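*Asks:* Taken in sequence, the protein lines are chains Z and W.
Once you know that position 206 of the first sequence is 206 in the numbering used here, the rest is easy, because the numbers rise by one and skip nothing.
For the numbering used here, count along the second sequence from 1 and bump the result up by 1000.
The beta-carbon is built from N, C-alpha and C at its ideal position, and this holds for glycine as well.
For clarity, every value in this text was computed on a predicted model and none was experimentally measured.
If you scroll down you'll find the structure; I have some questions about it.
2 protein chains.
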Amino acid sequence: MTDQRPIAVVLVSGGMDSCVTTAIAGIDHQVALMHAQYGQRSRQKERWAFDAIADHYGVDERRRLVIDLGHIADIGGSALTDATMAVPLANLSSTDIPITYVPFRNGNLLSAATSWAEVLSASAIFVGAVEADSSGYPDCRREFFDAYQAAISQGTRPETRISIETPLIEMTKKEIVLKGVEMGAPLELTWSCYQDEPTPCGICDSCVLRARGFRAAGVQDPLANLSER
Amino acid sequence: MTDQRPIAVVLVSGGMDSCVTTAIAGIDHQVALMHAQYGQRSRQKERWAFDAIADHYGVDERRRLVIDLGHIADIGGSALTDATMAVPLANLSSTDIPITYVPFRNGNLLSAATSWAEVLSASAIFVGAVEADSSGYPDCRREFFDAYQAAISQGTRPETRISIETPLIEMTKKEIVLKGVEMGAPLELTWSCYQDEPTPCGICDSCVLRARGFRAAGVQDPLANLSER
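Structure below.
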């Protein structure tokens, strides 16, 4: 029998949050997974994680899209894409926007996802953004996604109806870990670290947020004793 | 003396509208010109036109950005990027959205322009979109640009202030020709045709709109007697 459920495009970086988001989107949707390479340091690790997650969920090749947003690296302005800027040690108490912010990255991801969603007649774009327990990037806030959804509504065909779903936006990292475990999401396949080393650096914002989440959840991170993948 | 005027990013396809928009933006701004290749049939002609327009206005290499949005062609859904779909004969009386519509193309262009504008501390993005005298693409309407500007405001640093300027949006093609002539814009360097032939096809929507504009303005199109460029 053909799957009659609506299609959802899911943005999958390959990190824990997008993995859990894929699991959630898959409850009521056929998922179409999109991954972006934009010159980020950890692009190779993220690409492997994307493929592994897509394999885990049995996603057909036609429902996988890897896009190249190389202009984001050309434009620069972020420690994640500029090899001459160091990734800072975690500093989660700061209220400044960290230099790992990639200018309007999520706007670029959403525009590509919208083009694909419109062609697929998808009803939703799922994004694993987290607002509360995060690094404070402006393009990870629900206000941004609401505004972007309004722009999509104005800028696509009248019959196109795309909602932006952010199921994790108000969750803590602890809650995300617990949700992932509950849903059997393959957290062992994910990659969170901003660096591109054989093992997670353990000291960037993203590693520290992840570790804090697992610790608070009382769950062992399957990557914690990782040797080369 | 250093140019103290604010910076504006201008989207330059290489067509007549973006050429005139560049002229207008340059009155009160230092211009930074962005061009996108997205698998459109006329990409080579458009790229030449972009370079020629940038040269004409003496724009420094650091203020030129050519981006590759190859995913738009991968996603497909448009006769402009899919070689298996024919570009239709002009049909400007239809109220349907034509199959030359590239799903959410302007959303993709604006997101890249926003990333660059934020890094340049630009105050504006200029787009040569035309609503009235156009093919009826949903992402060429002022409502869309207003909604997108609101999304930019939410999704960038608090100190980033970017307005989307669409100086041609309510103009007819006739008025655009007259404005271009008045400002000395190099219309002879532009390319409008959707096809990729040595000379404009003369029968696609874009050629017909252009011809109608020149005719109504009583101006000879410098491309009218074009042999191979």
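Apart from the five residues on each side of it in sequence, which residues of its chain come closer than 8 Å, Cβ to Cβ, to Z:Arg41?
*Replies:* Locating residue 41 of chain Z in the first sequence gives position 41, counting from the first residue. Once the five neighbours on either side are set aside, the close Cβ partners of Z:Arg41 are Leu80, Thr81, Ala83, Val87, Tyr194, Gln195 and Asp196.
*Asks:* Ordered along the chain, which non-local residues of its own chain (more than five positions away) have a Cβ less than 6 Å from that of W:Ser1192?
*Replies:* Residue mapping note: residue 1192 of chain W aligns to position 192 of the second sequence, counting from 1. Here the set comprises Gly1015, Met1016, Ser1206 and Arg1210.
*Asks:* With contact counted as at least three CB pairs below 8 Å, one residue from each stretch, are the segment 1119-1127 of chain W and the segment 1006-1013 of chain W in contact?
*Replies:* Taking 8 Å as the limit for Cβ pairs, the verdict is that the segment 1006-1013 of chain W does touch the segment 1119-1127 of chain W.
*Asks:* Mapping the DSSP letters down to three states, classify Z:Arg229 as helix, strand or coil.
*Replies:* Residue 229 of chain Z sits at position 229 when you count from the first residue of the first sequence. Residue placement at Z:Arg229 cannot be trusted, given a pLDDT of 37 that sits under 50; what the coordinates show is reported in the next sentence. It is coil, neither helix nor strand.
*Asks:* Is the shortest distance between the beta-carbon of Z:Gln154 and the beta-carbons of chain W less than 8 Å?
*Replies:* Here residue 154 of chain Z refers to the residue found at position 154 when the first sequence is read from its first residue. Taking Cβ atoms only, chain W reaches closer than 8 Å to Z:Gln154, which makes this a yes.
*Asks:* What are the start and end residues of each continuous beta strand (DSSP E) run of 3 or more residues lying completely inside the segment 55-118 of chain Z, in chain order?
*Replies:* Whole beta strand (DSSP E) segments, 3+ residues: 64-68.
*Asks:* Is the segment 93-100 of chain Z touching the segment 1054-1067 of chain W, taking contact as three or more C-beta pairs under 8 Å?
*Replies:* Result no; under three Cβ-Cβ pairs closer than 8 Å.
*Asks:* Can you list the residues of chain Z that W:Trp1116 reaches, using a CB-CB cut of under 7 Å?
*Replies:* Residue numbering aside, residue 1116 of chain W sits at position 116 when the second sequence is read from its first letter. Those within 7 Å of W:Trp1116 in chain Z are Ile75.
*Asks:* Can you pull out the residues from the segment 1051-1076 of chain W whose beta carbon lies closer than 9 Å to at least one beta carbon of chain Z?
*Replies:* Under the 9 Å Cβ criterion, the segment 1051-1076 of chain W contributes Leu1065, Val1066, Ile1067, Asp1068, Leu1069, Gly1070, His1071, Ile1072, Asp1074, Ile1075 and Gly1076.
*Asks:* Put Z:Ser163 into one of helix, strand or coil per three-state DSSP.
*Replies:* What you label residue 163 of chain Z is simply residue 163 of the first sequence in a count that begins at 1. Strand, per DSSP.
*Asks:* According to DSSP, is W:Leu1189 helix, strand or coil?
*Replies:* Taking the first residue of the second sequence as position 1, residue 1189 of chain W is located at position 189. Helix at W:Leu1189.
*Asks:* Counting contacts by CB-CB distance shorter than 8 Å, is W:Arg1144 in contact with chain Z?
*Replies:* Position 144 of the second sequence, counted from the start, is the residue given in the question as residue 1144 of chain W. One detail in the question is off: residue 1144 of chain W reads as Phe in this sequence, not Arg. Closer than 8 Å: yes.
*Asks:* Just the C-alpha distance for Z:Ala218 and Z:Ala73, rounded to the nearest angstrom, thanks.
*Replies:* Your numbering for residue 218 of chain Z matches position 218 in the first sequence. Your numbering for residue 73 of chain Z matches position 73 in the first sequence. The sequence shown places Gly at residue 218 of chain Z, not Ala. So the two alpha carbons sit approximately 37 Å from each other.
*Asks:* On the CB-based measure, 16 or more other CB atoms within 10 Å of its CB, does W:Glu1165 come out buried or exposed?
*Replies:* In the second sequence, residue 1165 of chain W corresponds to position 165, counting from 1. W:Glu1165 is buried by the Cβ-count criterion.
*Asks:* For Z:Asp221, which residues from the same chain have a beta carbon less than 8 Å from its beta carbon, with the 5 sequence-adjacent residues on both sides left out?
*Replies:* The count along the first sequence starts at 1 and reaches residue 221 of chain Z at position 221. Contacts found: Leu187, Arg210, Ala211 and Phe214.
*Asks:* Give every residue of the same chain whose Cβ lies closer than 6 Å to the Cβ of W:Ser1227, excluding the five residues on either side of it in the sequence, and list them in chain order.
*Replies:* Residue 1227 of chain W sits at position 227 when you count from the first residue of the second sequence. Any reading at W:Ser1227 needs caution, since the residue's pLDDT is 41, under 50, leaving its predicted position unreliable; the model's value is listed next. Closer than 6 Å at Cβ, skipping near neighbours: no residue.
*Asks:* Counting only beta-carbon separations shorter than 8 Å, does Z:Phe104 have a partner in chain W?
*Replies:* Counting from one through the first sequence, the residue named residue 104 of chain Z turns up at place 104. At least one chain W Cβ lies under 8 Å of Z:Phe104.
*Asks:* Considering Cα atoms alone, identify which of Z:Pro167, Z:Gly202, Z:Cys204 and Z:Leu65 is closest to Z:Val20.
*Replies:* Within the first sequence, the letter at position 20 stands for residue 20 of chain Z. Measuring from the Cα of Z:Val20, the nearest candidate turns out to be Z:Pro167.
*Asks:* Are any of the Cβ atoms in chain W nearer than 8 Å to that of Z:Ile27?
*Replies:* On the first sequence, residue 27 of chain Z is found 27 positions in, with the first residue counted as 1. Cβ-Cβ to chain W under 8 Å: no for Z:Ile27.
*Asks:* Find out if the Cβ-Cβ distance for the pair W:Thr1172, W:Thr1114 is shorter than 8 Å.
*Replies:* To locate residue 1172 of chain W, count along the second sequence from 1; it is residue 172. To locate residue 1114 of chain W, count along the second sequence from 1; it is residue 114. The answer is no: Cβ separation not under 8 Å.
*Asks:* Using a C-beta to C-beta distance shorter than 7 Å, which residues of chain W count as neighbours of Z:Glu157?
*Replies:* Counting from 1 along the first sequence, the entry for residue 157 of chain Z is found at position 157. In the sequence as presented, Glu is not what sits at residue 157 of chain Z; that position holds Arg. Per Cβ cutoff of 7 Å: Ile1097 and Pro1138.
*Asks:* So is W:Glu1118 buried or exposed if we call it buried at 16+ other beta carbons inside 10 Å?
*Replies:* Looking up residue 1118 of chain W in the second sequence gives position 118. Answer is buried; the Cβ neighbour count reaches 16.
*Asks:* Look up Z:Gln37 in the DSSP assignment and say whether it is helix, strand or coil.
*Replies:* Locating residue 37 of chain Z in the first sequence gives position 37, counting from the first residue. Strand, per DSSP.
*Asks:* By the 10 Å Cβ neighbour count, where 16 or more other Cβ atoms means buried, how is W:Ala1132 classified, buried or exposed?
*Replies:* Taking the second sequence and counting its residues from 1, the one referred to as residue 1132 of chain W is at position 132. Counting Cβ neighbours within 10 Å, W:Ala1132 comes out exposed, since fewer than 16 surround it.
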